[in-house]
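Data block below; observations after.
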Ligand SMILES: Cc1ncc(C[n+]2csc(CCOP(=O)(O)OP(=O)(O)O)c2C)c(N)n1
Ligand code: SF4
Ligand code: SF4
Ligand code: SF4
Ligand SMILES: [Mg+2]
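Protein chains in written order, with the numbering used here: chain A, 1 to 281; chain B, 1001 to 1105.
Right, here's the structure in full:
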């Protein structure tokens, strides 16, 4: 049996929910593939995984997998995930969000989850647009591009999700593209295994909304753009800042040991118990 | 057209008796399946196959044009957004190898 068939049978709700709802060629399906390959590599049992999402095209991912799943409200996936993790630290909680989901309405939750370095995995499908609701600009829409809410071009600067996550204090941050799908397997695996907040930003394409409004062509054309514009972290180190202008740096951007929220919280519980006993309580 | 007739006998094997002919090189790949019920004819598998194994039919769906050229690299199944194409190899292939970013430019 081909490897991919084994993975489909094991991890996807193949007999109920396929073909999936995403448009032909949408990058989100490629990310779902990378996610199940990564989970397979970690060796975790399906019942130990919780996949949490918000609302958006990317937010539909939990529908298709055979893990514990939670499809929450727009922008709040990380808050639900934080609750799950603190209630049952043995679960591996993975959060899938869109760029609008994670950076606009959920932006505050994102920076604070990173600051706490809470042990969660956050995968962000960055397609530079609100795909599901019809192509409105998001905080990651680059300056000068068009959106239904920016017909005379977008005048704001974009958020750089990975750089924001590094600065905010996430223990692990990696960026990939759907074109470089094998790299994603490794990044997602590392983020899941990381004790601490693990972020994987995936540069994806929404050719149907963003691509169409900006005349970027088909899904294939947009993946060629990813291929031609990505540089690895290693190569980027040898390039001048002006050469890196407009390029996507892919690979592991940070991987560091920082205090983890859950560990610190356990210490608080110990201190509280000691405090109580010294009071004779 | 007779003028365009080509000799299909591989070079250097003309003199060897039929039963002594060297076996054709074993293909790395047994078969490629395209599951039409899930395939959305996006063309990604065809566009990025490094060996032009796949082509697009008149309805826009991919088909296997040249199985012999397939190396079993697995990129078509890895990049298919719809889990609609599978490659069955003879031996364990490298496609599931750890992503190390080497494929990046
Ligand atoms: C509280 C709330 N506000 C707004 C919406 C409408 N809404 C649904 S999805 C979405 C944005 C989707 O964009 P993104 O998160 O980037 O996901 P994509 O569809 O691009 O994957 C919005 C604004 C909502 N469902 N709930
Ligand atoms: S609208 Fe865009 S993001 Fe949503 S499924 Fe279609 S291509 Fe994908
Ligand atoms: S396995 Fe590789 S060579 Fe074979 S059809 Fe797929 S992409 Fe092409
Ligand atoms: S990549 Fe998948 S969905 Fe797209 S044409 Fe090929 S088999 Fe069909
Ligand atoms: Mg989006």
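Beta carbons: idealized from backbone N, C-alpha and C, even for Gly.
- Nearest neighbour of residue 104 (chain A) by Cα position, chosen from A:121, A:133, A:74 and A:85, turns out to be A:74.
- Under the DSSP assignment, residue 205 (chain A) falls outside any beta strand (DSSP E); it carries neither an H nor an E label.
- Beyond the five residues adjoining it in sequence on each side, residue 183 (chain A) comes within less than 6 Å, by CB distance, of 176 in the same chain, given in chain order.
- For residue 167 (chain A), the enclosing alpha helix (DSSP H) covers residues 161-168.
- In chain order, 92 and 192 place their CB closer than 8 Å to the CB of residue 44 (chain A), counting only its own chain and leaving out the 5 sequence neighbours on each side.
- For residue 37 (chain A), the number of other beta carbons within 10 angstroms of its own is at least 16, and it is reported as buried.
- Cβ neighbours of residue 60 (chain A) within its own chain (closer than 7 Å, five residues either side excluded): 21.
- Legend: CB atoms of the segment 176-198 of chain A lying less than 7 Å from CB atoms of chain B belong to residues 180, 181, 182, 183, 184, 185 and 186.
- For the segment 203-265 of chain A, the full-length beta strand (DSSP E) segments reaching 3 residues or more read 230-232 and 248-255 along the chain.
- With a threshold of 7 Å between beta carbons, residue 18 (chain A) makes contact with chain B.
- If you draw a straight line from the Cα of residue 55 (chain A) to the Cα of residue 276 (chain A), it is about 44 Å long.
- Within the DSSP bridge table, the entry for residue 1086 (chain B) names B:1033 as partners.
- In the structure shown, the three-state DSSP call for residue 1091 (chain B) is coil.
- By the Cβ neighbour-count rule, residue 1063 (chain B) is exposed, with fewer than 16 other Cβ atoms within 10 Å of its own.
- For residue 62 (chain A), no CB of chain B lies under 7 Å from its own CB, so it is not counted at the interface with that chain.
- At least 7 Å separates the CB of residue 1028 (chain B) from every CB of chain A.
- In this structure, residue 187 (chain A) keeps its C-beta atom at 7 Å or more from the C-beta atom of residue 199 (chain A).
- Here the distance from the Cβ of residue 55 (chain A) to the nearest heavy atom of ligand 1 is below 6 Å.
- The C-beta distance from residue 114 (chain A) to residue 170 (chain A) rounds to 4 Å, short enough to fall under 8 Å.
- In this chain, the beta strand (DSSP E) harbouring residue 68 (chain A) covers 68-71.
- Shown in chain order are the members of the segment 1066-1088 of chain B whose Cβ falls below 9 Å from a Cβ of chain A: 1074, 1075, 1077, 1078, 1079, 1080, 1081, 1082, 1083, 1084, 1085, 1086, 1087 and 1088.
- Taking 6 Å as the cut-off, one finds no heavy atom of ligand 1 near enough to the beta carbon of residue 109 (chain A).
- Taking a contact to require three or more Cβ pairs closer than 8 Å, the segment 205-221 of chain A and the segment 126-133 of chain A qualify as touching.
- Residue 260 (chain A) sits close to residue 196 (chain A), with the two beta carbons spaced by under 7 Å.
- With respect to residue 166 (chain A), residue 122 (chain A) sits apart: the two C-beta atoms are not nearer than 7 Å.
- In its own chain, leaving out the 5 sequence neighbours on each side, no residue places its CB closer than 6 Å to the CB of residue 151 (chain A).
- Under the DSSP definition of a beta bridge, residue 150 (chain A) partners with A:147.
- The shortest C-alpha to C-alpha distance from residue 1040 (chain B) to any of A:49, A:135 and A:26 is the one to A:26.
- For residue 220 (chain A), a Cβ of chain B is located within less than 7 Å of the residue's own Cβ.
- Assigned with DSSP and collapsed to three states, residue 103 (chain A) falls in helix.
- Closest option to residue 134 (chain A), judged by alpha-carbon separation, among A:23, A:230, A:13 and A:156: A:23.
- At a cut-off of 7 Å between beta carbons, residue 1044 (chain B) contacts chain A.
- The beta carbons of residue 18 (chain A) and residue 46 (chain A) sit no closer together than 7 Å.
- DSSP places residue 175 (chain A) in the strand class (E or B) of the three-state scheme.
- Of A:217, A:245, A:106 and A:218, the smallest CA-CA separation from residue 230 (chain A) is found for A:245.
- At least one CB atom of chain B sits nearer than 7 Å to the CB of residue 5 (chain A).
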